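There are 2 protein chains.
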Amino acid sequence: MTRPMLWRALMLLLFAAASAPAPAAEVYQISTISSLLAGGYDGDTTVGELLRHGSLGLGTFNGVDGEMMLLDGKVYRGTVDGRAHLVASSELTPFAVVVAWQPQGSAQVAAGQSLEQLEAALDALPYSPSRILAARVDGRFESIAIRSEPKQQPPYRSLAEVIKAQQVVHTLDAVDGTLIGFRFPAAAKSVNVRGWHFHFLTADRRRGGHVLGLTTGQGAALLQEVSDLRIRFPAQGPAASAGEDEIRAVERAR
Amino acid sequence: MTRPMLWRALMLLLFAAASAPAPAAEVYQISTISSLLAGGYDGDTTVGELLRHGSLGLGTFNGVDGEMMLLDGKVYRGTVDGRAHLVASSELTPFAVVVAWQPQGSAQVAAGQSLEQLEAALDALPYSPSRILAARVDGRFESIAIRSEPKQQPPYRSLAEVIKAQQVVHTLDAVDGTLIGFRFPAAAKSVNVRGWHFHFLTADRRRGGHVLGLTTGQGAALLQEVSDLRIRFPAQGPAASAGEDEIRAVERAR
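Those sequence lines, one after another, are chains C and L. Just so it is clear: in the first sequence, position 84 is 98 by my numbering, and no numbers are missing. Just so it is clear: in the second sequence, position 18 is 32 by my numbering, and no numbers are missing.
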């Protein structure tokens, strides 16, 4: 048995589905990734309103003023210095995704995995690839690269240009914390990031950002499959709409 | 003043917005256009369940067994002979979109317009291009081309192949009836048809299908702008996902 096969088999063994089906839940989303990438940086939804729809999520703030981590019903901003800060409920967001978090299953996370290996391990679990999968991974990270970007001023450039010119990456070593992640099916690719998208917050809630890469330590993943996605489209949006290549570039470029 | 400008000005004059904001409504959607086009022809949602989410809509049935028209809370199937038939509430759908219909405005429709001119006139009304616009157009149609397709058997071909090989087009002349339409923003293009998408049902409810082209007679449009879209992703879906060129080809190919 090869090592990846063993790893997958172990993940499957350790997977524990909830005994009863969870009540119907939805993922709630402000605007779309296409609009955000095209420069739709200003929304009219408050963080307080967002919290009415769930307790686990990720996103950004008006002007793409940092990365949003929504964990245990609290909202944090990851800034370009790598720090995380609690955010007032009056803060506005142009793009965010949140779930009424009721995990249905769990899986151990083995140490020494790259981000791509972690994603492959989660993908091997028995959840539908046609639906949304939300994940929370708590544990040690041997290393994790997080990025943020400074607040923009109008007229806005596209997010691809902002990230290329202004993203700041910090690498944290041997740190405890939580990954907040969503996996969207290919059919949803114009509205959210196809595949996995993770943000990270340290256990002391003082550092965090958008995840570009990592090496796992010991950890545990909690998972929730969600059939329904509710999207709130903004009244004002950019005329253009980003394509998938641009989305990929922004999500993983270093 | 050129004729198109006059026409637009007239439409604007005749536009009557509701005096009070309508209560929050949503468009509810079964699966995605990407999944449907890739061969996701079998769903597990009944027509009865669909009707719980709205009274105006369009879609198809399992096996793409004809075109769906949902009007005044009743569901009709447009078959390849150009006929429309009431459908049992136990019938299943793999793709449908429906709205809790509460029109906010209306506009007169001038005679002699092509489908593209009608769409341009509706686009000139003061609704947000970033949100979903639902429309119901009642009136006379000097001519209207409707299509349907026969029920498919697994293993399924892509919808582009089915339409190319098997769609049947009927042209109805001087007929009274109703257009059911939705306009989705560009950012939603992987989940529904970008721009306008119309199905048609005659006033006697005996003929109908997916609209490929038309010439308007006198008519009136009712419109509802909707900020929220709720998508129910199927547990089982095709691995592939159709691109936008394919969606366009299926929607307007003759």
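Beta carbons are placed, not taken as given, at the ideal position from N, Cα and C, and that holds for glycine. Note that the structure is a prediction, hence the values are computed from the model and not measured.
Contacts around residue i, its chain only, beta-carbon distance under 6 Å, and the 5 residues preceding and following it disregarded
{"i": "residue 127(C)", "result": "230"}
{"i": "residue 35(C)", "result": "Below a pLDDT of 50, predicted positions are generally treated as unreliable, and residue 35(C), at 41, falls in that range; the measurement from the model is reported next regardless. Taken in chain order, the list of residues that qualify is empty."}
{"i": "residue 154(C)", "result": "190, 231 and 232"}
{"i": "residue 94(L)", "result": "162, 164 and 182"}
{"i": "residue 96(L)", "result": "184 and 221"}
{"i": "residue 80(L)", "result": "91, 92, 93 and 162"}
{"i": "residue 187(L)", "result": "157"}
{"i": "residue 59(C)", "result": "44 and 107"}
{"i": "residue 10(L)", "result": "Since the first residue shown for chain L is 15 and the last is 268, residue 10(L) is missing from the structure and cannot be characterised."}
{"i": "residue 217(L)", "result": "190 and 191"}
{"i": "residue 125(L)", "result": "230, 231 and 232"}
Nonlocal neighbours in the same chain, by C-beta distance under 7 Å from residue i, ignoring five residues either side
{"i": "residue 263(L)", "result": "174"}
{"i": "residue 261(C)", "result": "47, 51 and 207"}
{"i": "residue 210(C)", "result": "133, 195 and 197"}
{"i": "residue 143(C)", "result": "199"}
{"i": "residue 219(L)", "result": "90 and 98"}
{"i": "residue 265(C)", "result": "207 and 211"}
8 Å Cβ cut-off: residues of chain C touching residue i
{"i": "residue 250(L)", "result": "142 and 144"}
{"i": "residue 205(L)", "result": "201, 202, 204 and 205"}
{"i": "residue 157(L)", "result": "Simply none; closest approach about 33 Å."}
Chain-ordered chain L contacts of residue i [CB-CB under 7 Å]
{"i": "residue 150(C)", "result": "Going along chain L, no residue has its Cβ under 7 Å from residue 150(C), so there is no contact; the nearest lies around 20 Å."}
Host beta strand (DSSP E) of residue i (start-end)
{"i": "residue 161(C)", "result": "146-162"}
{"i": "residue 43(C)", "result": "40-44"}
{"i": "residue 137(C)", "result": "Run containing residue 137(C): none in the beta strand (DSSP E); it sits in the alpha helix (DSSP H), 129-137."}
{"i": "residue 48(L)", "result": "Unbroken run through residue 48(L) is the alpha helix (DSSP H), 47-51; no beta strand (DSSP E)."}
{"i": "residue 57(C)", "result": "Looking at the DSSP string, residue 57(C) is not in any beta strand (DSSP E), and its letter there is neither H nor E."}
{"i": "residue 255(C)", "result": "Element bounds for residue 255(C): n/a, residue is neither H nor E."}
{"i": "residue 88(L)", "result": "88-92"}
{"i": "residue 213(C)", "result": "209-216"}
{"i": "residue 123(C)", "result": "119-123"}
{"i": "residue 73(C)", "result": "70-74"}
{"i": "residue 111(L)", "result": "110-113"}
Under 9 Å by beta carbon: chain L residues contacting residue i
{"i": "residue 107(C)", "result": "Within 9 Å Cβ-Cβ: nothing; residue 107(C) doesn't reach chain L, min ~15 Å."}
{"i": "residue 242(C)", "result": "244, 245, 246 and 247"}
{"i": "residue 269(C)", "result": "Any answer about residue 269(C) is impossible in this case: the structure gives chain C only from 15 up to 268."}
{"i": "residue 172(C)", "result": "The contacting residues do not exist; residue 172(C) stays about 14 Å from chain L at best."}
Same chain only: Cβ atoms within 8 Å of residue i, ignoring 5 sequence neighbours per side
{"i": "residue 57(L)", "result": "44, 45, 76, 106, 107, 108, 109 and 248"}
{"i": "residue 203(L)", "result": "258 and 261"}
{"i": "residue 115(L)", "result": "68, 69, 70, 148, 150 and 238"}
{"i": "residue 104(L)", "result": "60, 61 and 62"}
C-beta atoms of residue i and residue j nearer than 7 Å
{"i": "residue 98(C)", "j": "residue 90(C)", "result": "yes"}
{"i": "residue 196(L)", "j": "residue 148(L)", "result": "yes"}
{"i": "residue 166(C)", "j": "residue 55(C)", "result": "yes"}
{"i": "residue 146(L)", "j": "residue 228(L)", "result": "no"}
{"i": "residue 122(C)", "j": "residue 234(C)", "result": "yes"}
{"i": "residue 255(L)", "j": "residue 201(C)", "result": "yes"}
Residue i - containing alpha helix (DSSP H), residue span
{"i": "residue 239(C)", "result": "Looking at the DSSP string, residue 239(C) is not in any alpha helix (DSSP H); the run it does join, the beta strand (DSSP E), is 222-240."}
{"i": "residue 105(L)", "result": "From DSSP, residue 105(L) is part of no alpha helix (DSSP H); its letter is neither H nor E."}
{"i": "residue 178(L)", "result": "173-180"}
{"i": "residue 264(C)", "result": "258-266"}
Amino acids of chain C, ordered along the chain, whose beta-carbon sits closer than 7 Å to that of residue i
{"i": "residue 78(L)", "result": "In chain order: nothing, as chain C lies at least about 17 Å away."}
Chain-ordered chain C contacts of residue i [CB-CB under 9 Å]
{"i": "residue 49(L)", "result": "144, 199, 200 and 201"}
{"i": "residue 318(L)", "result": "Outside the displayed range of chain L (15 to 268) lies residue 318(L), so it cannot be described from this structure."}
Rounded distance between the beta-carbons of residue j and residue i, thought under 8 Å
{"i": "residue 205(L)", "j": "residue 177(L)", "result": "Not really, about 20 Å apart at Cβ, beyond 8 Å."}
{"i": "residue 53(C)", "j": "residue 171(C)", "result": "7 Å"}
{"i": "residue 236(C)", "j": "residue 214(C)", "result": "Actually they do not touch by this definition, with Cβ atoms about 15 Å apart."}
{"i": "residue 84(L)", "j": "residue 112(L)", "result": "6 Å"}
Contact list for residue i against chain A, beta-carbon separation under 8 Å
{"i": "residue 128(L)", "result": "Among the chains of the structure shown, chain A does not appear; the protein chains present are C and L."}
Beta-carbon neighbours of residue i, restricted to chain L and to distances below 8 Å
{"i": "residue 69(C)", "result": "The premise fails here: residue 69(C) is roughly 20 Å from chain L at the closest Cβ pair, so nothing lies under 8 Å."}
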